[in-house]
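Okay, so here's the structure we're looking at.
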Amino acid sequence: MTQTQSYHLSFSRFSPSLSVVSFTATEALNTAYRLDIELTSADADLPLSSYINQAAKFTVTPVSSDALGLIEGMIAPQALKEWSGIITSCEKLSVSADETRYRMVLEPRIAALKHHRTSRLFQNQNVLDIISSLLKHHGFSGVDFRFNTSREYGVREYVTQYQESDFAFLNRLCEEEGIWYAFEQNAQYGDVAVFGDDTAHYFRSHTSPYPYRPHGGLESVGQETVFALQVKHNPILESIRVGDYNYRDADTDLSSEVTAKDKESDSSVLLGSDSHWGLHHKTPEEARLQTALLQQLDHSRRIVASGSGNITALSPGLVFQTAPAFSEAPNGWLVVSLTHSGSRDQAYSHTFTAIPADSIFRPERITPLPKIQGSLPARVTSPGNYTYAYIDNMGRYRVKLPFDLDEWSPGGESRPIRLAKPYAGPDYGQHFPLHEGTEVMLSFVQGNPDRPYISGVMHDSSHPDHVPADWNTRNVIRTWANNKLRMEDKQGQEHIKLATEYGKTQLNLGHIVDSERKLRGDDGQGFELRTDHWGSVRAGKGLFLSANAQSAANGEVLDMEATIQQLKEALDMAQGLAKAAKRAETPLGDQDASSGSKDLMDQGGQYGSSSLSELDAKGLKNAGLIASAPAGIVLSTPKHIQTSATENILHTAGNNIHNSVFKKFTVAAGELISFFAQTLGIKMVASKGDITLQAQQDNITVAAAKNIRIDSVNGEITISASKKLTLVCDGSYITLGGGNVEIGTPGQIINKSSGWQSIGPSSKSVKGTMPKVAKGQLELLHYYATQKKDGVAGGEYTVIDSSGQVRKGILDSNGYAVVSGLAEGAAKVVFSKDPRDGHSDKDIIEDAFRVLPIGKQTTSDTNQIAQFEIAKKEVDTLLAHTKNLVSQAQALKQVSDNIRSLSYKDLAKSLPINQQPVLTEKITSNIKKK
1 MTQTQSYHLS FSRFSPSLSV VSFTATEALN TAYRLDIELT SADADLPLSS YINQAAKFTV
61 TPVSSDALGL IEGMIAPQAL KEWSGIITSC EKLSVSADET RYRMVLEPRI AALKHHRTSR
121 LFQNQNVLDI ISSLLKHHGF SGVDFRFNTS REYGVREYVT QYQESDFAFL NRLCEEEGIW
181 YAFEQNAQYG DVAVFGDDTA HYFRSHTSPY PYRPHGGLES VGQETVFALQ VKHNPILESI
241 RVGDYNYRDA DTDLSSEVTA KDKESDSSVL LGSDSHWGLH HKTPEEARLQ TALLQQLDHS
301 RRIVASGSGN ITALSPGLVF QTAPAFSEAP NGWLVVSLTH SGSRDQAYSH TFTAIPADSI
361 FRPERITPLP KIQGSLPARV TSPGNYTYAY IDNMGRYRVK LPFDLDEWSP GGESRPIRLA
421 KPYAGPDYGQ HFPLHEGTEV MLSFVQGNPD RPYISGVMHD SSHPDHVPAD WNTRNVIRTW
481 ANNKLRMEDK QGQEHIKLAT EYGKTQLNLG HIVDSERKLR GDDGQGFELR TDHWGSVRAG
541 KGLFLSANAQ SAANGEVLDM EATIQQLKEA LDMAQGLAKA AKRAETPLGD QDASSGSKDL
601 MDQGGQYGSS SLSELDAKGL KNAGLIASAP AGIVLSTPKH IQTSATENIL HTAGNNIHNS
661 VFKKFTVAAG ELISFFAQTL GIKMVASKGD ITLQAQQDNI TVAAAKNIRI DSVNGEITIS
721 ASKKLTLVCD GSYITLGGGN VEIGTPGQII NKSSGWQSIG PSSKSVKGTM PKVAKGQLEL
781 LHYYATQKKD GVAGGEYTVI DSSGQVRKGI LDSNGYAVVS GLAEGAAKVV FSKDPRDGHS
841 DKDIIEDAFR VLPIGKQTTS DTNQIAQFEI AKKEVDTLLA HTKNLVSQAQ ALKQVSDNIR
901 SLSYKDLAKS LPINQQPVLT EKITSNIKKK
C-alpha cells in the first residue's frame, strides 16, 4: 500500500475553504509548539482578524492511492497526528487571479500567556500553586493541565513577577525547580499541558520499536521509520557548587557542593566546574537540592542524539525505541525537540533531538531572571488602626509596591522587609521607626525582585519635609511624637536643643532661641535644662557645680583650684579663731572648727592628706557635692530649706553672717552651744518679751574683765537662791541663808539713811521653777558579731523611750551613736538594714534596752568592754544556733527531694509484703505534712 498524507486546518467556529500548501512545526519540552501553515483560498478577502485567538486544529491524515485506500477514504480517516491550539497570527502572502496565499500560525493555548506582561506578587505558595493560579487566571480549568510530581515542593515566602510575561514567568519557575512540561492532544479537551519532574512521568507508547533504516533505498514506501540517528557524547562537570546568605540565620553555611567522581565508571569525561551564588536558597537542605538539580541538568546533556524520520507519533516527552537499539539508550530515547514539515508534494518528515530515557530531564535555565536596576518607590503599610510603626521582632516592615494591584489583607502586602541603617551591630544601632504611609525606596540584592530591602526614606507631597527652606543652617532629627534634636550651625547663633513634648522637658545649649528664632531674653545664652515635671541630677562618684570661668573649655573637667584655694583660706581663718577661743577657755577646739572644712576640701583634693600643703585640685575622689561661684550663691524658696548632715555643718565667712528670721529663731544642740566674739563683743536684745537663761542641771557663770551692770529700767530686780545667797566685794560680804543675814567686813559698816527700823522677824520666799527634763542617755553600737571592727556605718536606728518619745538617727562610720534626752526606763531600739546590703528590705535587729540617768551610767571602760563582750557572746551563740538550723533545714530539704523522686513502690521493695502498705501510708502522711 502506497501511503502519503494530507493536511487539514479546521476551526471550531468557521468553515473557510482553505487548502494546506505546506507546514513546518517546531516543538520542544518546556516551550509552546508553533506551526507555520501556508494555505490557499479562492477568497481573496478572508477576515483575518476574526481568526486571531480562535480555536483551531491541524491534522495529518493518511491518503492511499490503491483501490483499498480509495474504499478506506470513504470513511473518515484516523488522524496520524494533530495539534490543537489557537491562531496567533495571520498573513496574506500573495494574490493571483485563481487563488490567494495565506500564512497562519497555530500555537497551544498556553502561548497566549506570552501576550500578558505584568508585575505581581505571590506570597507563601509553592511553585505548583503559583503555576496553577496563573493558569486559572487565564481561564484554564482542571482538565487543561495536570501535575505529575514525585517530591514535595517547599513554600516560597515571596515570589515576584516583575515586568515579564506570564509565559516567561511560568518557564522561569519550572527551570528553577527542575520541572519539565509537554503537551498531550486530547480529542475532547484539545491541548493539555502536563508537568512532570521524574522519568516515571515521561509519555510512553506500547508500540513496537521503530526500525532504524538509514537511507539506502531499502526502506518500504509509507513505513514509519528512523532515517538517521547520530549520537553525541559530551563531558560533564567535575563539581558544582552553590552558595548564598540568609540574614535570618546568618551563621548557617548555605554552601553546597556535589562532585561527579562516581561517573568515572561509565567512561564519562569530567571537565570543568560550575559555581553559582545567589540562587536564593534559604536553608542547607535547599542548597543541596539546587546542587542536585544542577547536576541532573548537566548529566542529562551527557549523551544527545539527533536524527530524522517520519514517525508521526513522536512528540516531546515521548519515549521511543529503535530496532536495532543503541547501547547508549538501552531503555529507549526521550524526545526533547522536534521539527516537522510536509507539503502537497512532499511527504511528512521530521528531525529530532533525544536523550537516553533513563536520564532525568531538567530544563536549562535560559529564561532570564528580571533585574530591577536602581530602586522602586513603595509605602509602609500596617494593619488597620495601628497607631504606631508596625514592625516585627527583627525590625522589618511591610510595604505596598507600586506595581502590585492585587488586594491583600492590611499589613500583608509584602514579605517582611529589612531597613538599611547607617549604623548597626549586635544589640546596638540606630532605629527610627517608620509609620504607615511613609514613602520608602526599595533596592534589591543583586537586582533580584525577590530580595528587596529599604534603602532610603523619602518625603513627598502627602508627607512633606518638616524642614522649611530657610532652615539651611539647621540640622534636625524630629520623631513622630515631636521628640527632637536640633543643631544650629549659623555663625554666632550656634546651639543644640534636645526636647520632648512630655512635660516640655528640654536641654538647650548655646544660643537659646524661641520658636521664631529670637533670642530668649538678653541673657539667653549658655545652657538651660527645664521641665514642667520633676527633675533629678545624679552623679554616683561626685558632683561639682561651678560658676568659675574656664576659658574656651580648656582645662580639666574637675578643675576646682579656685574652690580649693577659697576653702583653704576659710580653714586658716577657722583655725585662727579656734585658737583664740581656746585661749579664752571657750570650748572650740582646732578639730571641731576645722575638721568639717578639711573634710569638704578633701572632697576636691587628695584623700588621706594629713597636711593642707598636700591638698590639690585633682577632682572629686568620693561621692561628694561641691558648689562654687565667685560672685555668690543664692538659695530661695517660698517654703522650706533644710540642711542636714550626719556629722558636721560648718559656715565660714570672711566678713559677716546674717541670719534674719521674721518669726522665731531657735538653736538646739545635743551637747554644747558656744559663742565666741574676738573683738566687738556679743549683744543679745529682745525688743519685746523675756530673755531667759537657764542651766537646768548645772551652773551659770558670768564673768567680765571690767564691769557687770544689771538694770531694770521700769521694774524690779529679784535675785533668789534656794539655799544661800552671798555678795562679796573687796573682802566684805553679805550672806543670806538658813533664815539669817550675815554681814561681814574688815572695815566699817556705814548706814546713811533718814531712819532705821527694827520691827521684828519676817521672811519672804521667791523660788524659781525648772522644766522637767528627760535625763536619760543611751549609747548605741551596731557591728557584725564575726567582725567587731566592721561597724554598720550609716545604718539607720529608731529609739522609742518609756514615755513614747521617738528618736531617729544615723550611726556614724563606726556604727556608733549616743542618744540623749530620753526618759528613764525601758526603751525599744530598732536597727535598720546595713545600707551596703541590697538583698533585704527588713530591719535586722529589734530589741529592748534600759535607759539610765546620765549621772548613774557606767563610766568604767572595763565595764563597758565587759558588757560588749557579753553581748558579743550572746550574738555568737545565736549565730551558731541559726547556722545549725539552716543545716538541718537543708538536710530536711534533701530528704524531701529524695522522697519525691521515688515512688512508693520503690521505697517498699525491700520490705516484707505485710509491711509495705504501712510504709506507703506513713510516707503519704509525711509528704502531706511537709
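Take the sequence shown: its position 232, counted from the start at 1, is 232 in full-length UniProt numbering, and no numbers get skipped. Using N, Cα and C, we set each Cβ at its ideal position, and we do this for glycine too.
Applying the criterion that 16 or more other CB atoms from any shown protein chain within 10 Å of the CB defines a buried residue, is W83 buried or exposed?
In this structure W83 is buried. Its beta-carbon is surrounded by 16 or more other beta-carbon atoms within 10 angstroms.
Buried versus exposed call for C729 [16 or more other C-beta atoms within 10 Å across all chains shown]
Sixteen is the threshold: since fewer than 16 other Cβ atoms of the shown chains lie within 10 Å of the Cβ of C729, the residue is exposed.
Figure out for me which residue from Q430, Q161 and S315 has the closest Cα to the Cα of L338.
For the options Q430, Q161 and S315, the alpha carbon positioned closest to that of L338 is the one of S315.
Look at the Cβ atom of L35, then the Cβ atom of V143, and state whether they are nearer than 9 Å.
No.
Rounded to whole angstroms, what is the Cα-Cα separation between G815 and D837?
Those two C-alpha atoms are separated by around 15 Å.
Member of L271, S268, N622 and H276 whose CA lies at the smallest distance from the CA of S256:
It is H276 whose Cα lies nearest to the Cα of S256.
Any chance the stretch 360-367 sits against the stretch 376-391, with 3 or more Cβ pairs inside 8 Å?
Output reads no: the stretch 376-391 does not touch the stretch 360-367.
Taking all protein chains shown into account, do 16 or more other C-beta atoms lie within 10 angstroms of the C-beta of A581, making it buried, or fewer, making it exposed?
So A581 counts as buried.
In the DSSP assignment, find the alpha helix (DSSP H) that holds L294 and state where it starts and stops.
From DSSP, the alpha helix (DSSP H) with L294 extends over P284 to H299.
Quick one: what's got a C-beta closer than 6 Å to S409's C-beta in the same chain, skipping five residues either side?
Excluding five sequence positions before and after S409, none of the CB atoms of its chain fall closer than 6 Å to its own CB.
Short of 6 Å in beta carbon distance, which residues of its chain neighbour K905, apart from the five on each side in sequence? Order them along the chain.
Any reading at K905 needs caution, since the residue's pLDDT is 49, under 50, leaving its predicted position unreliable; the model's value is listed next. A distance below 6 Å between beta-carbons, with the five flanking residues on each side excluded, links K905 to no residue of its chain.
With a 10 Å radius around its C-beta and 16 neighbouring C-beta atoms as the bar for buried, classify E413 as buried or exposed.
Counting C-beta atoms within 10 angstroms of its own C-beta, E413 has 16 or more neighbours from the protein chains shown and is therefore classed as buried.
Excluding sequence positions up to five away, which residues of its chain have a Cβ less than 8 Å from the Cβ of P16?
So the list reads S41, D43 and L46, once near-sequence residues are dropped.
Look at H340 and G395 and say whether their C-beta atoms are less than 9 Å apart.
It is not a contact, given that the beta carbons lie outside the stated cut-off.
Quick check on DSSP: helix, strand or coil for K504?
In the structure shown, the three-state DSSP call for K504 is helix.
Inter-residue spacing [alpha-carbon to alpha-carbon] between D698 and G739:
D698 and G739 have their C-alpha atoms some 25 Å from each other.
Per DSSP, P356 forms a beta bridge with which residues?
Paired residue(s): W333.
May I have the straight-line CA-CA distance separating F403 from E328, to the nearest angstrom?
About 51 Å.
What do you get for R161, buried or exposed, if any count of 16 or more other CB atoms within 10 angstroms of its CB means buried?
In the sequence as presented, Arg is not what sits at residue 161; that position holds Gln. Classification for Q161: buried.
Which value, in whole angstroms, describes the spacing of the CA atoms of G73 and S6?
Residue placement at G73 is poorly supported in this model, since its pLDDT is 49, which falls under 50; the coordinates are not used for a value here.
Pair within 9 Å by beta-carbon distance, L128 and L170:
In this structure, L170 does not lie closer than 9 Å to L128 by Cβ.
Starting from A168, trace the alpha helix (DSSP H) both ways and give me its first and last residue.
Note, A168: alpha helix (DSSP H), D166 to E177.
Can you give the Cα-Cα distance for T859 and L781, rounded to whole angstroms?
No answer about T859 holds up, because its pLDDT of 43 lies below 50 and its placement is not dependable.
Cβ distance (whole Å) where G332 is taken to contact A313 below 8 Å
Under the criterion of beta carbons closer than 8 Å, G332 and A313 do not qualify as touching, at roughly 13 Å.
Hey, P452 and F444 are a contact pair by Cβ (cut 8 Å); roughly how many whole angstroms apart?
Rounded to whole angstroms, the Cβ separation of P452 and F444 is 5 Å, and the two are in contact under 8 Å.
Quick check: the Cα distance between I391 and G178, rounded to an integer number of angstroms?
One C-alpha to the other measures close to 36 Å.
Local conformation of D876 per DSSP, three classes:
Assignment of D876 by DSSP, reduced to helix, strand and coil, places it in the helix class.
Among A653, K136 and I37, which one has its Cα closest to the Cα of T59?
Closest by C-alpha distance to T59, out of A653, K136 and I37, is I37.
Given a threshold of 16 other Cβ atoms within 10 Å of its Cβ, counted over all protein chains shown, does E488 qualify as buried or as exposed?
Only buried fits E488, as 16 or more other CB atoms lie within 10 angstroms of its CB.
Check the DSSP bridge columns for H511 and list the partner residues they point to.
Under DSSP, H511 forms a beta bridge with Q525.
Whole angstroms are fine: how far does the CA of S758 sit from the CA of G776?
Using only the alpha carbons, I get a separation of about 50 Å.
Comparing C-alpha positions only, which one of S754, I749 and V741 sits nearest to S762?
Minimum Cα distance to S762 is reached at V741.
Got a sec, what are the start and stop residues for the beta strand (DSSP E) H276 sits in?
According to the DSSP assignment, H276 belongs to the beta strand (DSSP E) that extends over S273 to W277.
Flag this pair as touching only if the stretch 194-214 and the stretch 224-232 have three or more C-beta atom pairs under 8 Å; answer yes or no.
Touching, yes.
Under 8 Å Cβ to Cβ from F23, same chain only, skipping five residues before and after it: list those, please.
Y7, L35, D36, I37, E38, F58, H340, S341, G342 and S343, listed in sequence order.
Go ahead and pull the three-state DSSP assignment for F14.
Coil at F14, not helix or strand.
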